[in-house]
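Residue numbers (the numbering used here): 3 to 244.
Beta carbons: idealized from backbone N, C-alpha and C, even for Gly.
Just so we're clear, the structure is a prediction, and the values are computed from it rather than from any experiment.
Report on one structure; see the data block that follows.
Below you can see the structure in the form of C-alpha coordinates.
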(Lines of atoms letter the chains of each structure in order from A and count residues from 1; the text may use other names and numbers.)
(Lines give C-alpha, C1' and ligand atoms only; values in the text may rest on other atoms or scores of the structure.)
Protein backbone atom coordinates (compact mmCIF):
# COMPACT_ATOMS: atom_id res chain seq x y z
CA UNK A 1 0.00 0.00 0.00
CA UNK A 2 1.28 3.47 -0.87
CA UNK A 3 1.35 6.08 1.85
CA UNK A 4 -1.05 8.28 -0.12
CA UNK A 5 -3.61 5.46 -0.07
CA UNK A 6 -3.04 4.92 3.64
CA UNK A 7 -3.58 8.59 4.39
CA UNK A 8 -6.79 8.57 2.38
CA UNK A 9 -8.08 5.59 4.34
CA UNK A 10 -7.23 7.21 7.67
CA UNK A 11 -9.02 10.41 6.69
CA UNK A 12 -12.13 8.47 5.69
CA UNK A 13 -12.48 6.29 8.79
CA UNK A 14 -15.95 6.54 10.35
CA UNK A 15 -16.59 9.24 12.91
CA UNK A 16 -17.45 7.75 16.29
CA UNK A 17 -18.61 9.32 19.57
CA UNK A 18 -16.14 9.74 22.38
CA UNK A 19 -17.86 6.98 24.37
CA UNK A 20 -17.14 4.47 21.60
CA UNK A 21 -13.45 5.39 21.44
CA UNK A 22 -12.85 5.77 25.17
CA UNK A 23 -15.57 3.89 27.06
CA UNK A 24 -13.94 4.59 30.43
CA UNK A 25 -10.64 6.17 31.43
CA UNK A 26 -7.87 6.39 28.84
CA UNK A 27 -4.16 6.01 29.44
CA UNK A 28 -2.21 7.92 26.79
CA UNK A 29 1.43 7.03 26.17
CA UNK A 30 3.46 9.87 24.66
CA UNK A 31 7.05 9.16 23.58
CA UNK A 32 7.97 12.82 24.05
CA UNK A 33 6.42 15.86 25.66
CA UNK A 34 4.30 17.28 22.80
CA UNK A 35 3.09 13.97 21.34
CA UNK A 36 0.19 13.96 23.79
CA UNK A 37 -1.03 17.27 22.35
CA UNK A 38 -0.16 16.52 18.72
CA UNK A 39 -1.89 13.16 18.58
CA UNK A 40 -4.52 13.33 21.31
CA UNK A 41 -5.01 16.97 22.29
CA UNK A 42 -8.61 17.01 21.16
CA UNK A 43 -9.37 13.72 22.84
CA UNK A 44 -7.81 14.90 26.11
CA UNK A 45 -9.94 18.05 26.04
CA UNK A 46 -13.08 16.09 25.15
CA UNK A 47 -12.50 13.54 27.92
CA UNK A 48 -11.94 16.30 30.47
CA UNK A 49 -15.08 18.12 29.34
CA UNK A 50 -17.02 14.84 29.71
CA UNK A 51 -15.82 14.39 33.28
CA UNK A 52 -13.58 11.44 32.41
CA UNK A 53 -10.06 12.90 32.44
CA UNK A 54 -7.41 10.59 31.00
CA UNK A 55 -3.98 9.76 32.37
CA UNK A 56 -0.93 10.81 30.33
CA UNK A 57 2.46 9.13 30.62
CA UNK A 58 5.42 10.77 28.87
CA UNK A 59 8.13 8.22 28.29
CA UNK A 60 11.31 10.13 27.39
CA UNK A 61 13.13 12.99 29.09
CA UNK A 62 13.09 15.08 25.90
CA UNK A 63 16.70 16.19 26.05
CA UNK A 64 17.56 14.86 22.60
CA UNK A 65 15.88 17.75 20.80
CA UNK A 66 18.80 20.17 21.27
CA UNK A 67 21.88 18.13 22.18
CA UNK A 68 24.43 20.81 21.21
CA UNK A 69 22.93 23.83 22.94
CA UNK A 70 25.45 25.31 25.39
CA UNK A 71 22.79 27.34 27.21
CA UNK A 72 20.26 24.51 27.47
CA UNK A 73 22.17 21.53 28.95
CA UNK A 74 20.22 18.34 29.62
CA UNK A 75 18.97 19.19 33.15
CA UNK A 76 17.63 22.58 32.09
CA UNK A 77 16.01 21.22 28.92
CA UNK A 78 14.46 18.30 30.82
CA UNK A 79 12.88 20.73 33.28
CA UNK A 80 11.68 22.97 30.45
CA UNK A 81 10.01 20.13 28.61
CA UNK A 82 8.27 19.00 31.79
CA UNK A 83 7.05 22.56 32.35
CA UNK A 84 5.75 22.75 28.78
CA UNK A 85 3.89 19.46 29.11
CA UNK A 86 2.26 20.55 32.37
CA UNK A 87 1.12 23.82 30.81
CA UNK A 88 -0.15 22.07 27.70
CA UNK A 89 -2.29 19.44 29.44
CA UNK A 90 -3.52 22.00 31.96
CA UNK A 91 -4.77 24.16 29.08
CA UNK A 92 -6.75 21.12 27.88
CA UNK A 93 -8.36 20.72 31.30
CA UNK A 94 -6.17 17.95 32.73
CA UNK A 95 -4.94 18.17 36.32
CA UNK A 96 -1.19 17.96 36.93
CA UNK A 97 -1.66 14.84 39.08
CA UNK A 98 -2.76 12.89 36.01
CA UNK A 99 0.51 13.51 34.14
CA UNK A 100 3.47 11.18 34.71
CA UNK A 101 7.08 11.24 33.48
CA UNK A 102 9.26 8.13 33.13
CA UNK A 103 12.40 10.08 32.05
CA UNK A 104 13.67 7.37 29.71
CA UNK A 105 16.48 8.45 27.35
CA UNK A 106 15.26 10.54 24.44
CA UNK A 107 15.92 8.90 21.04
CA UNK A 108 16.75 5.68 22.92
CA UNK A 109 13.52 4.57 24.59
CA UNK A 110 14.09 0.82 24.91
CA UNK A 111 12.28 -1.73 22.75
CA UNK A 112 13.12 -4.68 24.99
CA UNK A 113 15.25 -5.65 27.96
CA UNK A 114 15.28 -4.81 31.69
CA UNK A 115 14.63 -1.06 31.34
CA UNK A 116 11.76 -1.77 28.95
CA UNK A 117 10.26 -4.23 31.44
CA UNK A 118 10.66 -1.74 34.28
CA UNK A 119 8.83 0.90 32.23
CA UNK A 120 6.04 -1.53 31.42
CA UNK A 121 5.65 -2.36 35.12
CA UNK A 122 5.45 1.34 36.01
CA UNK A 123 2.87 2.05 33.33
CA UNK A 124 0.82 -1.02 34.20
CA UNK A 125 0.70 0.11 37.84
CA UNK A 126 -0.47 3.58 36.78
CA UNK A 127 -3.08 1.90 34.60
CA UNK A 128 -4.38 -0.17 37.53
CA UNK A 129 -4.25 2.71 40.02
CA UNK A 130 -6.46 4.86 37.80
CA UNK A 131 -8.74 2.15 36.47
CA UNK A 132 -7.80 2.77 32.85
CA UNK A 133 -9.81 0.76 30.35
CA UNK A 134 -8.00 1.63 27.13
CA UNK A 135 -4.36 2.38 26.27
CA UNK A 136 -3.50 4.78 23.45
CA UNK A 137 -0.03 4.93 21.92
CA UNK A 138 1.58 6.10 18.68
CA UNK A 139 0.82 4.10 15.57
CA UNK A 140 3.35 1.33 15.07
CA UNK A 141 4.04 2.64 11.56
CA UNK A 142 5.28 6.04 12.79
CA UNK A 143 8.83 6.35 11.42
CA UNK A 144 10.48 7.15 14.75
CA UNK A 145 12.29 4.72 17.05
CA UNK A 146 10.77 6.15 20.25
CA UNK A 147 7.26 5.96 18.80
CA UNK A 148 7.80 2.34 17.89
CA UNK A 149 9.06 1.65 21.42
CA UNK A 150 5.98 3.35 22.88
CA UNK A 151 3.72 1.11 20.82
CA UNK A 152 5.57 -1.99 22.02
CA UNK A 153 5.18 -0.84 25.62
CA UNK A 154 1.47 -0.25 25.07
CA UNK A 155 1.04 -3.79 23.74
CA UNK A 156 2.87 -5.17 26.79
CA UNK A 157 0.79 -3.05 29.20
CA UNK A 158 -2.45 -4.15 27.58
CA UNK A 159 -1.31 -7.74 27.90
CA UNK A 160 -0.96 -7.26 31.65
CA UNK A 161 -3.94 -5.02 32.35
CA UNK A 162 -6.44 -6.02 29.67
CA UNK A 163 -8.83 -3.49 28.17
CA UNK A 164 -8.65 -1.80 24.80
CA UNK A 165 -5.69 -0.71 22.71
CA UNK A 166 -5.65 2.06 20.10
CA UNK A 167 -2.97 3.81 18.07
CA UNK A 168 -2.75 7.45 17.05
CA UNK A 169 -0.56 8.42 14.07
CA UNK A 170 1.86 11.34 14.37
CA UNK A 171 4.89 11.13 12.08
CA UNK A 172 3.06 8.64 9.88
CA UNK A 173 1.18 11.58 8.38
CA UNK A 174 4.42 12.81 6.81
CA UNK A 175 5.28 9.60 4.94
CA UNK A 176 5.90 10.57 1.31
CA UNK A 177 2.94 9.76 -0.92
CA UNK A 178 4.83 7.21 -3.00
CA UNK A 179 6.38 5.31 -0.08
CA UNK A 180 5.31 1.69 0.29
CA UNK A 181 3.77 1.04 3.71
CA UNK A 182 4.02 -2.57 4.83
CA UNK A 183 0.87 -2.63 6.95
CA UNK A 184 -2.60 -4.04 6.62
CA UNK A 185 -5.47 -1.74 5.71
CA UNK A 186 -6.09 0.30 8.89
CA UNK A 187 -9.33 -0.08 10.77
CA UNK A 188 -10.46 2.40 13.37
CA UNK A 189 -12.36 5.59 14.08
CA UNK A 190 -12.13 9.35 13.89
CA UNK A 191 -13.11 11.67 16.71
CA UNK A 192 -14.67 15.01 15.78
CA UNK A 193 -12.59 17.55 17.71
CA UNK A 194 -13.88 20.70 15.99
CA UNK A 195 -15.05 22.15 19.35
CA UNK A 196 -11.54 21.63 20.74
CA UNK A 197 -9.42 22.42 17.70
CA UNK A 198 -8.36 25.84 18.99
CA UNK A 199 -7.57 24.40 22.42
CA UNK A 200 -5.43 21.71 20.81
CA UNK A 201 -3.53 24.30 18.78
CA UNK A 202 -2.88 26.33 21.96
CA UNK A 203 -1.63 23.26 23.80
CA UNK A 204 0.79 22.42 20.99
CA UNK A 205 2.07 26.00 20.97
CA UNK A 206 2.98 25.71 24.65
CA UNK A 207 5.77 23.31 23.73
CA UNK A 208 7.92 26.36 23.04
CA UNK A 209 11.26 24.55 22.97
CA UNK A 210 10.12 22.59 19.92
CA UNK A 211 9.39 25.63 17.77
CA UNK A 212 12.95 26.90 17.33
CA UNK A 213 12.45 30.36 18.76
CA UNK A 214 13.25 29.57 22.38
CA UNK A 215 16.49 27.64 21.85
CA UNK A 216 18.55 29.30 19.13
CA UNK A 217 22.12 28.18 19.80
CA UNK A 218 21.94 24.64 18.39
CA UNK A 219 21.90 24.57 14.58
CA UNK A 220 21.09 20.85 14.71
CA UNK A 221 18.15 21.40 17.07
CA UNK A 222 14.70 19.99 16.37
CA UNK A 223 11.85 22.15 15.12
CA UNK A 224 8.26 21.05 14.69
CA UNK A 225 7.65 21.16 10.94
CA UNK A 226 4.71 23.16 9.66
CA UNK A 227 3.61 20.22 7.53
CA UNK A 228 3.14 18.12 10.67
CA UNK A 229 1.04 20.80 12.31
CA UNK A 230 -1.10 21.11 9.19
CA UNK A 231 -1.72 17.36 9.24
CA UNK A 232 -2.59 17.19 12.93
CA UNK A 233 -4.38 20.44 13.77
CA UNK A 234 -7.61 19.59 11.98
CA UNK A 235 -11.23 18.90 12.93
CA UNK A 236 -10.59 15.25 13.70
CA UNK A 237 -8.20 12.85 15.37
CA UNK A 238 -7.58 9.32 14.17
CA UNK A 239 -7.47 6.19 16.32
CA UNK A 240 -6.48 2.89 14.72
CA UNK A 241 -7.24 -0.57 16.08
CA UNK A 242 -4.31 -3.02 16.21
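What's the call for residue i, buried or exposed, on a 16-neighbour Cβ count within 10 Å?
i: residue 17; result: exposed
i: residue 7; result: exposed
i: residue 186; result: exposed
i: residue 21; result: exposed
i: residue 1; result: Any answer about residue 1 is impossible in this case: the structure gives the chain only from 3 up to 244.
i: residue 197; result: exposed
i: residue 56; result: buried
i: residue 87; result: buried
i: residue 150; result: buried
i: residue 160; result: buried
i: residue 148; result: buried
i: residue 119; result: exposed
i: residue 232; result: exposed
i: residue 77; result: exposed
i: residue 212; result: buried
i: residue 80; result: buried
i: residue 44; result: buried
i: residue 97; result: exposed
For residue i and residue j, which I take to be in contact (beta-carbon distance under 8 angstroms), what is that distance rounded to the nearest angstrom?
i: residue 60; j: residue 38; result: 7 angstroms
i: residue 110; j: residue 31; result: That belief does not hold up - the Cβ atoms of residue 110 and residue 31 are roughly 16 angstroms apart, past 8 angstroms.
i: residue 100; j: residue 58; result: 7 angstroms
i: residue 137; j: residue 156; result: 5 angstroms
i: residue 200; j: residue 169; result: In fact, because the Cβ distance is near 25 angstroms, the residues do not count as touching under 8 angstroms.
i: residue 70; j: residue 229; result: No, residue 70 and residue 229 are not in contact; Cβ-Cβ is about 24 angstroms, not under 8 angstroms.
i: residue 206; j: residue 237; result: No, residue 206 and residue 237 are not in contact; Cβ-Cβ is about 15 angstroms, not under 8 angstroms.
At the level of alpha carbons, what is the spacing between residue i and residue j?
i: residue 40; j: residue 208; result: 11 angstroms
i: residue 84; j: residue 75; result: 14 angstroms
i: residue 141; j: residue 171; result: 5 angstroms
i: residue 268; j: residue 174; result: The first residue shown for the chain is 3 and the last is 244, placing residue 268 beyond what the model contains.
i: residue 192; j: residue 235; result: 14 angstroms
i: residue 42; j: residue 182; result: 26 angstroms
i: residue 29; j: residue 202; result: 18 angstroms
i: residue 219; j: residue 15; result: 42 angstroms
i: residue 132; j: residue 180; result: 42 angstroms
Determine which residues share a DSSP beta bridge with residue i and list them.
i: residue 239; result: 193
i: residue 62; result: 106
i: residue 215; result: Partner(s): none; residue 215 has no beta bridge.
i: residue 101; result: 58
i: residue 252; result: Nothing about residue 252 can be reported from this structure: the residues present for the chain run from 3 to 244 only.
Kindly indicate the opening and closing residues of the alpha helix (DSSP H) around residue i.
i: residue 118; result: 116-131
i: residue 229; result: 228-234
i: residue 201; result: 199-207
i: residue 179; result: Unbroken run through residue 179: none, as it is neither H nor E.
i: residue 44; result: 37-51
i: residue 21; result: 20-23
On the DSSP letters alone, give me the boundaries of the beta strand (DSSP E) that residue i sits inside.
i: residue 140; result: 134-140
i: residue 109; result: Premise fails: residue 109 is in no beta strand (DSSP E) and is neither H nor E.
i: residue 169; result: 166-170
i: residue 5; result: Unbroken run through residue 5 is the alpha helix (DSSP H), 5-13; no beta strand (DSSP E).
i: residue 88; result: Where residue 88 is concerned, there is no enclosing beta strand (DSSP E), although the alpha helix (DSSP H) it sits in stretches over 76-93.
i: residue 32; result: 27-32
Quick one: does the C-beta of residue i sit closer than 7 angstroms to a heavy atom of the ligand HEM?
i: residue 155; result: Absence of the ligand HEM is noted for the structure shown, with no ligands found whatsoever.
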